[in-house]
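Below you'll find the structure, written out as structure tokens, and then a few comments.
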Amino acid sequence: MTRLAARLGRHALLLQAEALSALEGAVDEPFVFDHFETFVFSQEDRLGIGTPVGMESWFVYGFDPAPHRLAGRRSARRRRRKRPLPKVVPRAFIRSTRRVLQILNRLAPAGFQLNSDDKPDYRTATAADSRIDHRIHPNPLRGPAGDRAAAVERDRAMFSVDLLHKLLRHSQAHHGRETIAFGRRANAILERMALMAVWRNFVKRVSERRSDPITPAMKLGLTERCWSWGDVLSRRRFPGRIELPEGWDRIYRRGWITPAVGRNTTHELRHAF
């Protein structure tokens, strides 16, 4: 079953890359960006997944991993555990954000508006590109002592990416905040993320309350109707025939290793390429 899930995830990744190629130079909407935080194997191993979403279409334009460790000092009990620590990726969030910006620059080469929170890594990643209109929306203090108007403004600007993150936590049990059933491998989590992006873009309607069945892909002119899973799986795709964004080839080949698991199976089947 896990092998079938991995194969579905790789297929979804190629379909998503194909959609991005069709949208190259044709996107004219602001983007909303944030990293979705989850655990891999344990609470010490954390994985941020960068998710750029269209502010108006709610289309998920991609995803990119940023593995990192639990912040702060480790307790004596955790130091006694004899298991491999997650590999530290220097400036993981900055690198992840820059890879996402490369995707967005292809979609809107003349420049675009990027909405995000006030994470310092986002400012660093966008500072060198003058084409990006980076608009920062800090998360204000909530509750009776907070600024309600500022909170409403922030939530309105970040709504599309916040909604995607809520869908992830609701529909995938290993992302739940109160669970201990974390995903075991970063590769598998990213494959399920690809499948989730395709479902959100092509299968799920923008709104379940409205009577008109419109998907994010329909809003962008990629399709003329809601897709079924039969449509998603109707044609086999090969990575050698589709241009993959930077870093996606590593996801396809299952190159994001989780040391704590031990054996990590990579994707090296000859006829798959």
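Quick note on our numbering: the sequence shown kicks off at 127 and runs consecutively. Virtual Cβ for every residue (Gly too), placed ideally from N, Cα, C.
Buried versus exposed, by CB contacts within 10 Å (16 or more), residue i
{"i": "R380", "result": "buried"}
{"i": "Q142", "result": "buried"}
{"i": "T391", "result": "exposed"}
{"i": "P235", "result": "exposed"}
{"i": "R367", "result": "exposed"}
Selected residue, minimal CA-CA separation from residue i, among the options
{"i": "G135", "options": "A323, D244, P156", "result": "A323"}
{"i": "D160", "options": "G269, F219, R129", "result": "F219"}
{"i": "S242", "options": "D259, A234, R268, Q228", "result": "D259"}
{"i": "L293", "options": "V332, E279, T384, F157", "result": "V332"}
{"i": "P365", "options": "V166, K330, Y378", "result": "Y378"}
{"i": "W382", "options": "V166, H296, W325", "result": "V166"}
{"i": "I229", "options": "V329, R249, E369", "result": "E369"}
{"i": "H137", "options": "R361, P371, E394", "result": "R361"}
C-beta atoms of residue i and residue j nearer than 7 angstroms
{"i": "L321", "j": "P191", "result": "no"}
{"i": "G373", "j": "R225", "result": "yes"}
{"i": "F162", "j": "H291", "result": "yes"}
{"i": "R257", "j": "G237", "result": "yes"}
{"i": "M181", "j": "V158", "result": "yes"}
{"i": "R221", "j": "E150", "result": "no"}
{"i": "V215", "j": "P246", "result": "no"}
Rounded straight-line distance, which links the Cα of residue j to that of residue i
{"i": "L140", "j": "V358", "result": "11 angstroms"}
{"i": "S183", "j": "A145", "result": "14 angstroms"}
{"i": "A254", "j": "G356", "result": "43 angstroms"}
{"i": "R133", "j": "N313", "result": "12 angstroms"}
{"i": "T341", "j": "R351", "result": "8 angstroms"}
{"i": "R336", "j": "I175", "result": "30 angstroms"}
{"i": "V278", "j": "L346", "result": "27 angstroms"}
Residues near residue i in its chain [Cβ-Cβ closer than 8 angstroms; skip 5 each side]
{"i": "D281", "result": "D288"}
Neighbourhood of residue i by C-beta, 6 angstroms cutoff - its chain only, sequence neighbours within 5 removed
{"i": "R400", "result": "Here the chain comprises residues numbered 127 to 399, so residue 400 is not present and cannot be evaluated."}
{"i": "Y187", "result": "P178"}
7 angstroms CB neighbourhood of residue i in its chain, flanking five on each side removed
{"i": "G272", "result": "P266"}
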